[in-house]
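Colleague:
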Amino acid sequence: MCGIIGYFGKRNAAEILVDGLRRMEYRGYDSAGIACLNDGRIGLVKNAGKIKGLRERVDASEQAELLHATLGLGHTRWATHGAPNEINAHPHLDASGHFVMAHNGIIENYKSIKEGLAKHGIKCVSETDSEALVQLIAYCYNGNLEKAVSEALKKVKGTYGIVVMTDHEPGKLVAARCGSPIVIGIGNNETVVASDASAIIPHTRDALYLEDYDMAVITADGVQMFDLQHAPVSRDVTEMDWDSDAAEKGDYAHFMLKEIFEQPDAIRNAIRGRLDFDMGTSILSGLDFSPRDAAQIGRVLVVGCGTSMNAGMVGEYAIEEMAGIPAEVEQAAEFRYRNPIVTPHDLVVAISQSGETADTLAAVREAKHKGAVVAGLCNVVGSTIARETGRGVYLHAGPEIGVASTKAFTCQVAVMLMMALKLGRGRRMTRHEGEKISRWIERLPELIEKVLAQDETIKAVAQKYADHENAFFIGRGYLYPVALEGALKLKEISYIHAEGYHAAELKHGPIALLSENTPVVALLNNIPGKEKSIGNAEECKARKAPVIAVVSEGDEAAAEGFNDMIVVPDCPPCIAPIPTVVALQLLSYHIAAARGCEIDQPRNLAKSVTVE
Ligand code: G6P
Numbered sequence: 054m055c056g057i058i059g060y061f062g063k064r065n066a067a068e069i070l071v072d073g074l075r076r077m078e079y080r081g082y083d084s085a086g087i088a089c090l091n092d093g094r095i096g097l098v099k100n101a102g103k104i105k106g107l108r109e110r111v112d113a114s115e116q117a118e119l120l121h122a123t124l125g126l127g128h129t130r131w132a133t134h135g136a137p138n139e140i141n142a143h144p145h146l147d148a149s150g151h152f153v154m155a156h157n158g159i160i161e162n163y164k165s166i167k168e169g170l171a172k173h174g175i176k177c178v179s180e181t182d183s184e185a186l187v188q189l190i191a192y193c194y195n196g197n198l199e200k201a202v203s204e205a206l207k208k209v210k211g212t213y214g215i216v217v218m219t220d221h222e223p224g225k226l227v228a229a230r231c232g233s234p235i236v237i238g239i240g241n242n243e244t245v246v247a248s249d250a251s252a253i254i255p256h257t258r259d260a261l262y263l264e265d266y267d268m269a270v271i272t273a274d275g276v277q278m279f280d281l282q283h284a285p286v287s288r289d290v291t292e293m294d295w296d297s298d299a300a301e302k303g304d305y306a307h308f309m310l311k312e313i314f315e316q317p318d319a320i321r322n323a324i325r326g327r328l329d330f331d332m333g334t335s336i337l338s339g340l341d342f343s344p345r346d347a348a349q350i351g352r353v354l355v356v357g358c359g360t361s362m363n364a365g366m367v368g369e370y371a372i373e374e375m376a377g378i379p380a381e382v383e384q385a386a387e388f389r390y391r392n393p394i395v396t397p398h399d400l401v402v403a404i405s406q407s408g409e410t411a412d413t414l415a416a417v418r419e420a421k422h423k424g425a426v427v428a429g430l431c432n433v434v435g436s437t438i439a440r441e442t443g444r445g446v447y448l449h450a451g452p453e454i455g456v457a458s459t460k461a462f463t464c465q466v467a468v469m470l471m472m473a474l475k476l477g478r479g480r481r482m483t484r485h486e487g488e489k490i491s492r493w494i495e496r497l498p499e500l501i502e503k504v505l506a507q508d509e510t511i512k513a514v515a516q517k518y519a520d521h522e523n524a525f526f527i528g529r530g531y532l533y534p535v536a537l538e539g540a541l542k543l544k545e546i547s548y549i550h551a552e553g554y555h556a557a558e559l560k561h562g563p564i565a566l567l568s569e570n571t572p573v574v575a576l577l578n579n580i581p582g583k584e585k586s587i588g589n590a591e592e593c594k595a596r597k598a599p600v601i602a603v604v605s606e607g608d609e610a611a612a613e614g615f616n617d618m619i620v621v622p623d624c625p626p627c628i629a630p631i632p633t634v635v636a637l638q639l640l641s642y643h644i645a646a647a648r649g650c651e652i653d654q655p656r657n658l659a660k661s662v663t664v665e
């Protein structure tokens, strides 16, 4: 949530900052700004709206500080405190104009900080919590920026990832983190600090990840790290494995469409080297349980938010079916706050594309505190959840930029299937059954390609329904979480009110809403329960609701009598969520495109939700 960047080197800072913000725009896009330091003076440009607008303001600027600087910082915002206008946009200056800072996270005690500062005649001009922090840093300043930063941070309650500089010390950037990620890219005679690897990879692959309460001081001599007591700390430089092209849209109209079409490759990467056909199992080196350890697992709890939670539900079904281990999925915030019962025999799986979602991270900490074995299932390498869980599986889906998650979902499901297979083979599943499932997992890229080949057909269906304002998605068994995910995709990017329901549950209330204006996407794939779902779709039709039937190849008769049909490959129930969700992603995408929506940056949303 929100993107931060800082640059210190020999090149034009303003250009690098604006380009970095463009790459992080998916983290927040309601306002943005950059500040540069040149010749002992700070230049600042802010803009309410997207990065494109900021770029125009920067290009038109005649401020020498911006034109010639090789040191600066910037921010793209997802508003929490205060409307998305220019005053509330970051970077924030202190009252003297000598200190400037960009902040991610929430300063929870900002009101009392502001009150304290007011007693010394220091007035804040914005409605943000962040401004209180830069004012406090300036107030604590006594000739050394990092000391002022650590003094101020000791007084702060909440979360922060910050980059700050002052014209009193023009060759220095200070960054710090607690709960909001900060990565430092070490380049050739230059340093790029950011909240997100995507802003760093065009410049360097060598990265240092700050831990909570770390502070980094970036000067011409390099990067020095301290804790808030000024004791030196040392963090290893790791190599980031994403290449910068992966974070570009190429010829696609939107990142979301690109990422939908990338799914065959993303799944290939997620499963590469992880299937053992001879033993009919999977090799997940990050889940290093011995068969004896695996046998001790009494229950699997999957925690996540949004799309990740829906993927976790597919995992719950697969783990129960393949391994016979009781499994449950739970919204991460609910898990964290309701004092869950966790035993040392529980395996808690935290599932998160970004690895930074605040509620999922809090659930991880709670589960660890209660003694559970915790594993992370993340896409972003080196992310906080991945590091704090210590064991787990990376998705290797590549950077996902579109705010609506697509390839991360399918890779999460593929990895959950492999996890279920591994647990299953350690228990009751036969080698033969395991081999069959492995072979189907291996075929996933091909199954997805078959769905992608129907893009035009799905687009035609989408265009028929683009004007409706309400929709339902129904499914059962493994397709119930897919119905939830299909509805989530549609509402996120098209702003159509869409609900995912269990096919059997519709008649317990929501059926009252059905009319000729309420299309129902019915998942009627050839899996157990199909006949009953067809019956439920008939009930919708009887209430005049148009039904879009999703059916398996070779079983087109299941769509008879309904308004529209989308065909997906015939496959076993645990495999079906993946090709089916791809069809629903395309349906949502084309509906949103027909409505002229901002697909990659839907209103009010952010890709990485680092506040609770
Ligand atoms: C946000 C995103 C969703 C995502 C959810 C969880 O709401 O917009 O696409 O599913 O966060 O994110 P995570 O990174 O934990 O998977």
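Using my numbering, you'd call the opening residue of the sequence shown number 54 and step up by one each time.
Cβ atoms here follow ideal geometry from the backbone N, Cα and C, with glycine treated the same way.
For clarity, every value in this text was computed on a predicted model and none was experimentally measured.
If you follow the alpha helix (DSSP H) that S165 is part of, which residue opens it and which one closes it?
Modeller: 163-171
Colleague: Which value, in whole angstroms, describes the spacing of the CA atoms of R481 and P599?
Modeller: 44 Å
Colleague: Helix, strand or coil: which one does DSSP assign to I580?
Modeller: coil
Colleague: Kindly indicate the opening and closing residues of the beta strand (DSSP E) around Y79.
Modeller: Counting along the chain, Y79 falls outside any beta strand (DSSP E), and DSSP gives it neither H nor E.
Colleague: With a threshold of 16 other CB atoms inside 10 Å of the CB of I644, please say whether the residue is buried or exposed.
Modeller: buried
Colleague: In three-state DSSP terms, what is K8?
Modeller: Because the chain in this structure spans residues 54 to 665, residue 8 falls outside the shown range and cannot be described.
Colleague: Report the rounded CA-to-CA distance for G135 versus T129, giving the unit in angstroms.
Modeller: G135 and T129 have their C-alpha atoms spaced approximately 15 Å apart.
Colleague: Kindly provide the ranges of any alpha helix (DSSP H) runs that are 4 or more residues long and lie completely inside the region 473-535, ordered along the chain.
Modeller: Listed in chain order, the complete alpha helix (DSSP H) runs (minimum 4 residues) inside the region 473-535 are 484-495, 497-505, 508-518.
Colleague: Tell me, to the nearest whole angstrom, how far the beta carbon of L107 is from that of L74; I am working on the premise that it is less than 8 Å.
Modeller: L74 and L107 do touch by the CB rule: their CB atoms are close to 7 Å apart, below 8 Å.
Colleague: Compare the beta carbon distance of N579 and D617 with 8 Å and say whether it is the shorter of the two.
Modeller: no
Colleague: In chain order, what residues of the same chain lie with their CB nearer than 7 Å to the CB of A371, ignoring the 5 residues before and after it?
Modeller: The answer, listed in chain order, is M469, L470, A473, C627.
Colleague: Measuring alpha carbon to alpha carbon, tell me which of Y192, V504, G649, P144 ends up nearest L170.
Modeller: Y192
Colleague: Drop a sphere of 10 angstroms on the beta-carbon of P581, count the other beta-carbons inside from all chains shown, and report buried for 16 or more, exposed for fewer.
Modeller: exposed
Colleague: Give me whichever residues DSSP pairs with C231 in a beta bridge.
Modeller: Y213
Colleague: Cα separation between L90 and L226?
Modeller: 10 Å
Colleague: May I have the straight-line CA-CA distance separating E488 from G326, to the nearest angstrom?
Modeller: 15 Å
Colleague: Quick check: the Cα distance between R391 and Y533, rounded to an integer number of angstroms?
Modeller: 25 Å
Colleague: For E552, which of helix, strand or coil comes out of DSSP?
Modeller: Looking at E552 - three-state DSSP - the assignment turns out to be strand.
Colleague: Which partner residues of V356 appear in the DSSP bridge assignment?
Modeller: Answer is E383, A403, bridged to V356.
Colleague: Based on the DSSP secondary-structure assignment, which residues constitute the bridge partners of E292?
Modeller: D259
Colleague: Checking 8 Å against the spacing of the C-beta atoms, do M268 and V216 come in under that value?
Modeller: no
Colleague: Sorry if obvious, but does the Cβ on S667 come closer than 7 Å to a heavy atom of ligand 1?
Modeller: This structure does not reach residue 667, given that the chain is present from 54 up to 665, and the question cannot be answered.
Colleague: Check whether the region 391-408 touches the region 503-512, counting contact only when three or more Cβ pairs, one atom from each stretch, lie closer than 8 Å.
Modeller: Of all C-beta pairs linking the region 391-408 to the region 503-512, fewer than three are shorter than 8 Å, placing the two stretches out of contact.
Colleague: Please state whether the Cβ-Cβ distance between R389 and A416 is less than 8 Å.
Modeller: yes
Colleague: Contact check, G577 vs A557 under 8 Å by CB: the rounded distance?
Modeller: In the sequence as presented, Gly is not what sits at residue 577; that position holds Leu. 14 Å between Cβ atoms; not a contact.
Colleague: Does the beta-carbon of L107, which I'm using as the reference point, lie nearer than 7 Å to any heavy atom of ligand 1?
Modeller: no
Colleague: Within the continuous beta strand (DSSP E) that includes N157, where are the two ends?
Modeller: 152-157
Colleague: Give a yes or no on whether the C-beta atoms belonging to V456 and P655 are separated by under 8 Å.
Modeller: yes
Colleague: Measure from the alpha carbon of I546 to the alpha carbon of each residue in G477, A376, N141, L310, then state which is nearest.
Modeller: Looking at G477, A376, N141, L310, the one whose alpha-carbon comes closest to that of I546 is L310.
Colleague: Is the Cβ-Cβ distance between R484 and M332 less than 8 Å?
Modeller: yes
Colleague: First and last residue of the alpha helix (DSSP H) that includes V187?
Modeller: 183-193
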